[in-house]
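Asker: For the sequence shown, our numbering begins at 143 and goes up steadily by one. One structure, pasted below without further comment.
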Amino acid sequence: LHELQERRRFIDGVVISGGEPTLAPGFLPFLRQVKGMGLA
Numbered sequence: 143l144h145e146l147q148e149r150r151r152f153i154d155g156v157v158i159s160g161g162e163p164t165l166a167p168g169f170l171p172f173l174r175q176v177k178g179m180g181l182a
């Protein structure tokens, strides 16, 4: 999240892929934070 915040002015969204990301521990809190940054 720190890297996303540092580069926020250069990006307008985040793509989450690979395997089954929804099964990763901490996925929902991460997604909530990304959404809170306006990137989801």
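We put the beta carbon where it would ideally sit given N, CA and C, even for glycine.
So, under 8 Å CB-CB, valine 173 and alanine 182 are touching, yes? Tell me the CB distance rounded to an integer number of Å.
Answerer: Reading off the sequence, residue 173 comes out as leucine, not valine. Rounded, the Cβ-Cβ distance is 6 Å, consistent with contact.
Asker: Report, in whole angstroms, the separation of the C-beta atoms of arginine 151 and methionine 179, which I expect to be a contact under 8 Å.
Answerer: 12 Å between Cβ atoms; not a contact.
Asker: Secondary structure at serine 160, three-state DSSP: helix, strand or coil?
Answerer: A small correction: the amino acid at residue 160 is glycine; serine does not occupy that position in the sequence shown. The answer is coil: DSSP assigns glycine 160 none of H, G, I, E or B.
Asker: Give a yes or no on whether the C-beta atoms belonging to leucine 143 and valine 156 are separated by under 8 Å.
Answerer: Contact flag unset, no.
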